[in-house]
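For the sequence shown, my numbering assigns the number 34 to the initial residue and increments by one for each residue that follows.
All residues carry an ideal CB built from backbone N, CA and C; glycine is no exception.
Just so it is clear, the structure is predicted and the values come from calculations on it, not from any experiment.
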Amino acid sequence: MDHTTFRAVCQRARKICKKEWKFASVYAIINNKIKHGVRLFCFLIRRIWRLNEIEVFVSPNLELINGILLTSRYNELTRPYVGYGLMTEEENDYTFAVKAFFKPYREHKIYKVLEAMIPNGFTFSRPVELALAFDESGDFSFRFPLSSLCIAYSGGLERIREFAALLRELATESGYFDFFQTQAVFYSPYIQKARETVGARPFAAMLEAEFGTRQHAYRYVVSALMKGNFGLHFPRREGCESDLFSVFSTDSLSLSPAILLHEYAHPFINPLTEKYRSLVYTHQNAYEWLSKYKLPDYRSGYDGWEECVNEHLVRAMTIHLLRRCGYTDTAEQMLRNDLYCGYKYIPLLLERYCAYDGMRRTHPNFESYYPELLSVFSEPPERASELSANS
34 MDHTTFRAVC QRARKICKKE WKFASVYAII NNKIKHGVRL FCFLIRRIWR
84 LNEIEVFVSP NLELINGILL TSRYNELTRP YVGYGLMTEE ENDYTFAVKA
134 FFKPYREHKI YKVLEAMIPN GFTFSRPVEL ALAFDESGDF SFRFPLSSLC
184 IAYSGGLERI REFAALLREL ATESGYFDFF QTQAVFYSPY IQKARETVGA
234 RPFAAMLEAE FGTRQHAYRY VVSALMKGNF GLHFPRREGC ESDLFSVFST
284 DSLSLSPAIL LHEYAHPFIN PLTEKYRSLV YTHQNAYEWL SKYKLPDYRS
334 GYDGWEECVN EHLVRAMTIH LLRRCGYTDT AEQMLRNDLY CGYKYIPLLL
384 ERYCAYDGMR RTHPNFESYY PELLSVFSEP PERASELSAN S
């Protein structure tokens, strides 16, 4: 644990367990029994640590929706737009079982409704957000509010309500959740790998220390039926802590610390880009400057200027934190890959992140530094690099 993370955990301990902290300190000082004080302190840290733990699991709601997507025309309909199918094309015992299970229900109305939602933008993270917003009781009521983007891209609230009702109908008629329990063993090795990853470092505490922002919960969801990884957040209420959900595929890269940091950085950074949208768009010329570096047919991070900003900031933060964690080789590999993919401002952002770490008295949290950070995009990347080298 580095000094910044240690300090953040201590501050959290003071806020959450004031009485216990006071007792530990007084007990150790008055009785001059440092060992006992340390034991009490360590107990507190373990107690606080549990509040920052990352919960690893498989979501039956997400597996249901992904199973429907897998057995629909989803890949066929999305491939012309993104260049590849968004659901797995691997064949294994689990995918065989899923396809066999849904085959008798291919004429169910939910498939027709789903395929009508796809042209609205019901792709990528939208089905994931919908699945994770549902209550876990199986009645498909909402425990978290959907983002305005998800509502719009799903075709509106009425369409979403219709889809939820059809999900409930299909799940009940087919006995889906009983079926899922018979298949859960497939995920055992992936859950074990994910738990090893999240247990390797105090990632949640590190993220909160770096951004100077607390979150309510961290959830790490594994799914073998889709391609790609997604980071989502559900605010508990306006301006308050959020429940973070990051969803990971089952390949080795997806289950690595690099992707963990990437996906959990999004919920810290994306809301700031939205909040400071007008300022972000004053630097929109950078989108055109970057176009010559973009790989042909590579869309990630280039579906609009806001996404481009988010991907630059998140990818740079991932590399920054990997270095802090001691994953130096992985960090350098990520840097090479990101530069190859056209994220040319990352070296400058890495310099700014190091500067931010040294100015935490002036900038106690990432948001206070965010407007200043955006100035990186005020010059073409090659020109900005020259100015940085000469400064």
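Does residue i come out as helix, strand or coil in the three-state DSSP assignment?
i: V254; result: strand
i: L328; result: coil
i: M239; result: helix
i: S275; result: strand
i: V280; result: strand
i: H266; result: strand
i: E86; result: coil
i: F155; result: coil
i: M150; result: helix
i: I62; result: The predicted position of I62 is uncertain, since its pLDDT is 40 and thus under 50; a value taken from the coordinates is nonetheless stated next. I62 falls in the helix class under three-state DSSP.
i: M259; result: strand
i: M120; result: strand
i: F175; result: strand
i: C183; result: helix
i: A27; result: Residue 27 falls outside the range modelled here, since the chain spans only 34 to 424, and no answer is possible.
i: A133; result: helix
i: H141; result: coil
i: S411; result: helix
i: P397; result: coil
i: L288; result: coil
i: H249; result: coil
i: Y309; result: coil
i: N303; result: helix
i: N125; result: coil
i: Y376; result: coil
Taking Cβ positions, are residue i and residue j nearer each other than 8 Å?
i: S187; j: L163; result: yes
i: V110; j: I143; result: Per the sequence shown, residue 110 should be read as Leu rather than Val. Contact flag unset, no.
i: S287; j: N303; result: no
i: D276; j: A242; result: no
i: S158; j: L265; result: yes
i: G253; j: V218; result: Contrary to the premise, residue 253 reads as Tyr rather than Gly in this sequence. Their beta carbons are not under 8 Å apart, which means Y253 does not touch V218 by this criterion.
i: A291; j: T361; result: no
i: T246; j: L294; result: no
i: K308; j: G375; result: no
i: L95; j: H141; result: no
i: C341; j: Y373; result: no
i: L305; j: A349; result: no
i: L355; j: F301; result: no
i: F278; j: P178; result: no
i: Y223; j: T283; result: yes
i: A257; j: T121; result: yes
i: N108; j: G116; result: no
i: L135; j: F244; result: Before going on, a small fix: residue 135 reads as Phe here, not Leu. Not closer than 8 Å, so no.
i: C358; j: R234; result: yes
i: W338; j: Q317; result: yes
i: A197; j: F173; result: yes
i: H299; j: N370; result: no
i: L200; j: L97; result: yes
With respect to the alpha helix (DSSP H) encompassing residue i, which residues constitute its N-terminal and C-terminal limits?
i: E339; result: W338 to C358
i: D168; result: Note, D168: premise wrong, no alpha helix (DSSP H); not H, not E.
i: C387; result: I379 to D390
i: E96; result: P93 to L103
i: A233; result: Taken as a continuous stretch (DSSP letters only), A233 belongs to no alpha helix (DSSP H), as it is neither H nor E.
i: V115; result: Y107 to V115
i: P361; result: Note that residue 361 is Thr in the sequence shown here, rather than Pro. Counting along the chain, the alpha helix (DSSP H) containing T361 begins and ends at T361 to Y373.
i: Y209; result: Y209 to Q216
Assign residue i to buried or exposed, taking buried as 16 or more other Cβ atoms, counted over all protein chains shown, within 10 Å of its Cβ.
i: H69; result: Unreliable positioning characterises H69 in this predicted model, as indicated by a pLDDT of 41, which lies under 50. The coordinate reading is nonetheless provided below. So H69 ends up on the exposed side.
i: S324; result: exposed
i: L312; result: exposed
i: Q248; result: buried
i: L190; result: exposed
i: F90; result: exposed
i: S92; result: buried
i: K55; result: Confidence at K55 is low in this model, with a pLDDT of 41, below 50, so its placement is unreliable and the value that follows should be read with caution. Its Cβ having fewer than 16 others within 10 Å, K55 is exposed.
i: A469; result: One cannot answer for residue 469 here, as it falls past the ends of the chain, which runs 34 to 424.
i: S105; result: buried
i: P404; result: exposed
i: Y114; result: exposed
i: I379; result: buried
i: F129; result: exposed
i: N125; result: exposed
i: S411; result: exposed
i: N285; result: At residue 285 the sequence reads Ser, which differs from the Asn that was named. It counts as exposed.
i: G208; result: exposed
May I ask you to check if the CB of residue i is nearer than 7 Å to at least one heavy atom of the ligand ATP?
i: V347; result: Of ligands this structure carries none, so the ligand ATP is not represented either.
Could you confirm whether any beta carbon from chain B is found closer than 8 Å to the beta carbon of residue i?
i: A197; result: Chain labels in this structure do not include chain B; a single protein chain is all it has.
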